Amino acid sequence: MLPAETIARIADELAEAERERVVVPLLTARHPGMTVDDAYAVQNEWRRRGVAAGRRPVGHKIGLTSKVMQTATGITEPDFGVLFDDVVFESGAAIEHARFSNVRIEVELAFVLGLPLEGPHTTIFDVLRATEYVVPALEVLSSRIELPGRTIVDTISDNAALGAVVLGGSPTRPDAVDLRWVSALLYRNETIEESGVSAAVLGHPANGVAWLAGKLAGHGDRLEAGEIVLSGSFTRPMWVERGDTVFADYAELGSVTCRFS
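Numbered by my numbering, the letters in the sequence shown go through residues 48 to 308 in order.
1. Is the beta carbon of L73 sitting closer than 8 angstroms to the one on E179?
2. Where Y234 and A257 are concerned, what is the direct C-alpha to C-alpha distance, given to the nearest angstrom?
3. For the beta strand (DSSP E) holding L160, just list the boundary residues, first then last.
4. Please name the residue in S189, R56, V181 and V150 whose C-alpha comes closest to that of G301.
5. Only counting runs of 4 or more residues, tell me where the alpha helix (DSSP H) segments fall wholly within the stretch 72 to 101, in order along the chain.
6. Look at the alpha carbon of V129 and the alpha carbon of G106, and state the distance between them as a whole number of angstroms.
7. Measure the C-alpha to C-alpha separation of D173 and V276 and round it to an integer number of angstroms.
8. Within 10 angstroms of the Cβ of V150, are there 16 or more other Cβ atoms? Answer buried if so, exposed if not.
9. Hey, E46 and L160: beta-carbon distance below 8 angstroms or not?
10. Specify, as a first and last residue, the run of the alpha helix (DSSP H) that V224 falls within.
11. Taking the beta carbon of N26 as the centre, do at least 16 other beta carbons fall within 10 Å, making it buried, or is it exposed?
12. Beta-carbon within less than 6 angstroms of V249's beta-carbon, same chain only, minus the 5 sequence neighbours each way: which residues are those?
13. With a threshold of 8 angstroms on Cβ separation, who are the neighbours of E143 within its own chain once the five nearest residues in sequence on each side are excluded?
14. If you drop the 5 nearest sequence neighbours on each side, which residues of the same chain put their C-beta closer than 7 angstroms to that of R227?
15. Restricting to Cα atoms, I'd like to know which of G215, L209, A260 and V229 is closest to P284.
16. Looking at S138: is its Cβ nearer than 8 angstroms to the Cβ of T292?
17. Hey, could you find the ends of the alpha helix (DSSP H) R56 is sitting in?
18. Buried or exposed for T238, please, with buried defined as at least 16 other CB atoms from any protein chain shown within 10 angstroms of its CB.
19. Taking DSSP as the reference, what is the three-state secondary structure of V255?
20. Taking all protein chains shown into account, do 16 or more other C-beta atoms lie within 10 angstroms of the C-beta of R197, making it buried, or fewer, making it exposed?
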């Protein structure tokens, strides 16, 4: 493990990058011995400081769960980050583009839990029993670390590149639809840019939530009732610019949209 003072210094650097809306050089280039455990230690310090400053955790995001996302990033294992209440928006929101760095959009399903989930042996069936409903979601990616050459260690340290979340559509019970076949069309300024099917997320999006429950158990943590869990993208990340309007059509699950001001 990196020394505690180094972990704190990296957390300071990333917090400053978020405030100033700038990008910092690769952590792994400057700390070549840095491990995944070090990266989660940085993320946990960042989370601790957020809570101390009055931010309220409301859930988690899972990233890099599909082949298309792994191919797009060159990273071959999932990761996770934390959601705070001040980064969750409702459909139709105008979001300040300049608030983020390297701004991209992903198409996901959000699981809202009615029961807690914990333990290394959590299954897809446990997830479906614990889920109160699923809703369409857009994840806004914001990378505070430069993109070329990034590794899983850089991404985890950067809170899995989370910028914001936009929730919309119709809350749907997980047994009311075959979640493997939820599909979405992603529009930017009235043009379809991406499309995908949710089975691209580990064969079933609930598998992503099960993976997260197991991963958190290794950190002495669990998923709580009421949490929002973004299960992972089933499209490639789409770059967006100031002034763009984004719209995702999830057919029977409804739609979700936002505009970058």
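Built from N, CA and C at the ideal position, the CB exists for glycine as well.
None of these values were measured; they are calculated from a predicted model.
This is what the structure gives:
1. Against the sequence shown, residue 73 aligns to sequence position 26. Against the sequence shown, residue 179 aligns to sequence position 132. No.
2. Mapped onto the sequence shown, residue 234 falls at position 187. Mapped onto the sequence shown, residue 257 falls at position 210. Distance between the alpha carbons of Y234 and A257: 30 angstroms.
3. Position 113 of the sequence shown, counted from the first residue, corresponds to residue 160. Its beta strand (DSSP E) spans residues R151 to L160.
4. Along the sequence shown, read from residue 1 onward, the residue named residue 301 stands at position 254. Nearest C-alpha to G301: V181.
5. 74 to 77 and 83 to 99
6. Numbered from 1 along the sequence shown, position 82 holds the residue referred to as residue 129. Numbered from 1 along the sequence shown, position 59 holds the residue referred to as residue 106. Approximately 6 angstroms, taken between the alpha carbons.
7. Sequence index remark: in the sequence shown, residue 173 carries index 126 (1-based). Sequence index remark: in the sequence shown, residue 276 carries index 229 (1-based). So the alpha carbons of these two residues sit roughly 14 angstroms apart.
8. In the sequence shown, the residue the question calls residue 150 occupies position 103. It is buried - the Cβ of V150 has at least 16 other Cβ atoms within 10 Å.
9. Look at the range of the chain in this structure, 48 to 308, and you will see that residue 46 is not part of it.
10. As a first step, residue 224 must be located in the sequence shown, where it is residue number 177. Looking at the DSSP string, V224 is not in any alpha helix (DSSP H), and its letter there is neither H nor E.
11. Residue 26 is absent from the model: the chain starts at 48 and stops at 308.
12. Reading the sequence shown from its first residue, position 202 is the one you call residue 249. Residue identity check: residue 249 is Leu in the sequence provided, not Val. Within the same chain, L249 has close Cβ partners T112 and G255.
13. Residue numbering aside, residue 143 sits at position 96 when the sequence shown is read from its first letter. F307 and S308, listed in sequence order.
14. Taking the sequence shown and counting its residues from 1, the one referred to as residue 227 is at position 180. Cβ neighbours of R227 beyond the five flanking positions: S245, A246 and H251.
15. Here residue 284 refers to the residue found at position 237 when the sequence shown is read from its first residue. Checking every option, the nearest Cα to that of P284 belongs to L209.
16. If you number the sequence shown from 1, residue 138 lands on position 91. If you number the sequence shown from 1, residue 292 lands on position 245. No, the pair does not count as a contact, with Cβ atoms beyond the cut-off.
17. Numbered from its first residue, the sequence shown carries residue 56 at position 9. Where R56 is concerned, the enclosing alpha helix (DSSP H) stretches over A51 to E67.
18. Numbered from 1 along the sequence shown, position 191 holds the residue referred to as residue 238. So T238 ends up on the exposed side.
19. By one-based count along the sequence shown, residue 255 stands at place 208. Before going further, note that residue 255 is Gly rather than Val in the sequence given. Correct three-state label for G255: helix.
20. Residue 197 sits at position 150 when you count from the first residue of the sequence shown. It is buried - the Cβ of R197 has at least 16 other Cβ atoms within 10 Å.
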